[in-house]
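Asks: Position 189 (the sequence shown) corresponds to 362 in the working numbering; numbering is contiguous. C-beta: ideal position from N, C-alpha, C; glycine also. Predicted, not measured: the structure shown is a model, and the values here were computed from it.
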Amino acid sequence: MELIFATHNQHKTEEAREIAASFIQIKNLKDIGCFEEIPETADTLPGNALQKARYVQEHFHVNCFADDTGLEVEVLDGRPGVYSARYAGEHCSYQDNVDKLLREMKGMTNRRACFKTVIALILDGKEYLFEGRVDGRIIEDQRGMSGFGYDPVFLPDGFDRTFAEMSEEEKNSISHRGRAIRKMMDFLKNHKNI
Ligand code: IMP
Numbered sequence: 174m175e176l177i178f179a180t181h182n183q184h185k186t187e188e189a190r191e192i193a194a195s196f197i198q199i200k201n202l203k204d205i206g207c208f209e210e211i212p213e214t215a216d217t218l219p220g221n222a223l224q225k226a227r228y229v230q231e232h233f234h235v236n237c238f239a240d241d242t243g244l245e246v247e248v249l250d251g252r253p254g255v256y257s258a259r260y261a262g263e264h265c266s267y268q269d270n271v272d273k274l275l276r277e278m279k280g281m282t283n284r285r286a287c288f289k290t291v292i293a294l295i296l297d298g299k300e301y302l303f304e305g306r307v308d309g310r311i312i313e314d315q316r317g318m319s320g321f322g323y324d325p326v327f328l329p330d331g332f333d334r335t336f337a338e339m340s341e342e343e344k345n346s347i348s349h350r351g352r353a354i355r356k357m358m359d360f361l362k363n364h365k366n367i
């Protein structure tokens with residue numbers, strides 16, 4: 174079976190491919206010739222995930238899924254949350270976002286945070302949602318070179334390495350998106366028509 178991941182993000186594509194292994198062939202937007210920026214204007218994670226998946230389904234008529242992820246920091250009342258990508262401004266870099274987060278949390282002792290991912294799957298015209306979450310804390314200085322986004326400052330509970338210090342495989346085994354994708358894979362494995 175082939176499934177389109179409605180993303181331009183190569184890191185996310187590789188993560189999903191690693192989890193899907195040989196069961197499902199994951200393609201991304203580039204593979205179907207979609208180079209436009211997909212609107213992401215909802216104010217919730219499920220809203221954005223559905224918006225992206227519906228856009229691809231309507232324009233390309235394919236079975237597809239989209240994800241939306243937010244980093245929720247306890248002491249910041251859940252920010253940056255659904256605005257994690259643009260936390261430091263409209264065209265900011267991953268580093269700008271990390272810098273802003275570390276600035277805002279300077280001196281704070283409560284460093285609790287979690288990543289949440291919502292995946293919207295559209296299969297034969299029907300919509301399904303899957304969620305994944307990982308809890309941890311934001312460290313004071315960045316560590317590691319792998320991954321992307323807030324990975325260098327996120328220390329998952331039970332580990333002494335940040336996501337950016339882990340291999341892709343190890344991050345996938347505990348991450349928010351890894352958990353959500355595995356839920357979707359389990360659903361697909363049990364789905365009659367596949
Ligand atoms: P997106 O809208 O799902 O792409 O996620 C929003 C933002 O959250 C991204 O721009 C990243 O800054 C951050 N993010 C998403 N997934 C991850 C992850 O696995 N690790 C670290 N940061 C992430």
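Counting beta carbon pairs with one atom in the region 351–364 and one in the region 320–332, are three or more of them shorter than 8 Å?
Replies: no
Asks: Do the CB positions of phenylalanine 178 and alanine 189 come within less than 7 Å of each other?
Replies: yes
Asks: Distance check for aspartate 250 and phenylalanine 360, CA to CA, integer angstroms please.
Replies: 33 Å
Asks: From the DSSP output, in three-state form, read off tyrosine 228 for me.
Replies: In this structure, DSSP gives tyrosine 228 a helical state, which the three-state scheme calls helix.
Asks: Do you know whose CA, among Glu342, Glu341, Asp308 and Glu343, lies nearest phenylalanine 327's CA?
Replies: Asp308
Asks: As an exercise, report each continuous beta strand (DSSP E) stretch of at least 3 residues that is fully enclosed by the region 273–353, in chain order.
Replies: 285–296, 299–311 and 327–329
Asks: On the three-state DSSP scale, how would you describe threonine 214?
Replies: coil
Asks: Can you tell me whether aspartate 324 sits near the ligand IMP, meaning its C-beta is under 6 Å from at least one heavy atom of the ligand?
Replies: When distances are taken from the beta-carbon of aspartate 324 to the heavy atoms of the ligand IMP, the shortest one is below 6 Å.
Asks: Take the Cβ of lysine 362 as the centre, count every other Cβ of all protein chains shown within 10 Å, and call the residue buried at 16 or more, exposed below.
Replies: exposed
Asks: Roughly how many angstroms separate the alpha carbons of alanine 194 and serine 346, rounded to a whole number?
Replies: 13 Å
Asks: Give me the Cα-Cα distance between arginine 320 and glutamine 268, rounded to the nearest whole angstrom.
Replies: The residue asked about is misnamed: residue 320 is glycine in this sequence, not arginine. The alpha-carbon atoms of glycine 320 and glutamine 268 are separated by roughly 12 Å.
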